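For the sequence shown, the residue numbers in mature numbering (1 follows the signal peptide of the UniProt record, and there is no 0) are -16 to -1, 1 to 303.
Even glycine gets a Cβ: it sits at the ideal position worked out from N, Cα and C.
This structure is a prediction, so every number in the text was calculated from the model and none was measured.
Read the structure below first, then the notes.
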Amino acid sequence: FIFVYHILSLFEGGLGQLGVGLAQMLREQYGKENVILSDIKRPPADVFNMGPFVYADVLDYKNLRELVVNNRITWLVHYSALLSAVGEANVTLARTINITGLHNVLDLALENCLRLFVPSTIGAFGPSSPRDPAPDLCIQRPRTIYGVSKVHGELMGEYLHHKYGLDFRCLRYPGVISATTKPGGGTTDYAVQIFHDALGSGHHECYLRPQTRLPMMHISDCHRATIEFMQADECQLSLRTYNIAAISFTPEEVAAEIRKHVPQLTVTYKPDPVRQNIADSWPMRFDDSNARRDWGWKPAYGLPELVTDMLDRVQNKRT
Ligand code: AKB
């Protein structure tokens, strides 16, 4: 979670791929003490020293309520979730964290008049959705527990917004590419691993076929989108759940772009049936025209900029 006070925000699931960076950006704008990062895991020293950190368990309503009340929280960013591939390997846990956990967060937000951000994903679409591009409003019949839980989240949040005025805000994220924190158990993870392999062994074995196209985004675009959306005036929002897009690429396209800087990179393809199946059911491109029109969304990173930046950052981490 990330909790924001006054703007006070609490992030839960804050130690995953997205939480630390978003907390950092929010702290730059709202002050270090006004953003609390949380997780059920012990934070590394650098994260602990960056600003307030607390234990928060998405399954423990009393614990969450205490944190919100004691700290006069006003915004809540809910990042706890099991991703697509790991969810398929552990459906019961995914249902518990992604659905029961979400219900706790929705109740908490309603009870305390919080502005609530819950991410959704390209995984909220399925094989019967339009894939190129997928619009905001269309058929959503995902075939993963992750996708099912995300559609449930979108619908519950929107229902509570319409019925009780909950300030629910949801963005459907593409695959997010980051250098410092690795994703955990998703279908788009190869697009992060390939940078580490390029600068490490020089070889990447890809679990998707070379032409599998998926929407992707640089992490700083993702953080900026989240903050701009959270800051948008309510009257700007014609929807409560928006697609956000930046780039769409295939493994062979990203590999070719990396080879412009690391010519020795080799890639072999060994499709994993579970992840390939999931990827084949997801959109190839996202239509984010509503986000662009309503609250001015615009990505900064294309594929060349993303690749240059990732190689720089991964290289810096290694030295
Ligand atoms: C995953 O691959 O499961 C996630 C996602 C696209 O939501 N990165």
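L155 to A65 span [Cα, whole Å]: Rounded to the nearest whole angstrom, the C-alpha separation of L155 and A65 is 15 angstroms.
Using 8 angstroms as the threshold, is the C-beta distance between residue 307 and N274 below it? The question about residue 307 has no answer, for the chain in this structure spans -16 to 303.
How big is the Cα-Cα spacing for L60 and P247? Cα to Cα, L60 sits roughly 44 angstroms from P247.
Verify whether the separation of the beta carbon atoms of R153 and Q260 is less than 8 angstroms. In terms of Cβ geometry, R153 and Q260 do not form a close pair [threshold 8 angstroms].
Reference S22; option with closest CA among G35, E12, G15 and I242: By alpha-carbon distance to S22, the top candidate from G35, E12, G15 and I242 is G35.
Every unbroken alpha helix (DSSP H) inside the segment 129 to 209 [4 residues or more]: Within the segment 129 to 209, the alpha helix (DSSP H) runs of at least 4 residues that lie entirely inside it are, in chain order, 129 to 148 and 174 to 183.
If you count every other CB in all the chains shown that lies within 10 Å of the CB of T250, and 16 or more means buried, which is it? Here T250 is exposed, its C-beta having fewer than 16 other C-beta atoms within 10 Å.
Verify whether the separation of the beta carbon atoms of H207 and G5 is less than 8 angstroms. H207 places its beta carbon less than 8 angstroms from that of G5.
Pairwise C-alpha distance: V258 and H187: For H187 and V258, the distance between alpha carbons rounds to 22 angstroms.
Of the residues N74, E12, Q177 and R11, the one placed nearest I129, counting alpha carbons only: That would be N74, whose Cα lies nearest to the Cα of I129.
Among R302, Y253, I106 and A108, which residue has its Cα nearest to the Cα of E236? When only C-alpha atoms are compared, the closest one is Y253.
Where do the N-terminal and C-terminal ends of the beta strand (DSSP E) with T292 fall, by residue? Secondary structure note for T292: it is in no beta strand (DSSP E), and the uninterrupted alpha helix (DSSP H) holding it is L287 to R302.
If distances are taken between C-alpha atoms only, which option among D116, L144 and G159 comes closest to R99? From the listed residues D116, L144 and G159, the smallest Cα separation to R99 is found for L144.
Spatial neighbours of K16 within its chain, please: C-beta separation below 8 angstroms, excluding the five flanking residues on both sides. If we look at K16 and ignore the five residues flanking it on each side, its Cβ neighbours are M34, G35 and P36.
Could you tell me if A29 is buried or exposed, where buried requires 16 or more neighbouring beta carbons within 10 angstroms of its beta carbon? The residue in question, A29, is exposed, as its Cβ has fewer than 16 Cβ neighbours within 10 Å.
On the DSSP bridge assignment, give the partners of F37 in chain order. Partner residues in the beta bridge of F37, as assigned by DSSP, are L21.
Evaluate K134 with the Cβ neighbour count: other Cβ atoms within 10 Å of its Cβ, from every protein chain shown; 16 or more gives buried, anything less gives exposed. Buried.
Over the uninterrupted beta strand (DSSP E) stretch that includes S265, give me the two end residues. Annotation for S265: no beta strand (DSSP E) segment contains it, though the alpha helix (DSSP H) segment containing it runs P257 to S265.
What's the call for N227, buried or exposed, on a 16-neighbour Cβ count within 10 Å? Buried, because 16 or more other Cβ atoms sit within 10 Å of the Cβ of N227.
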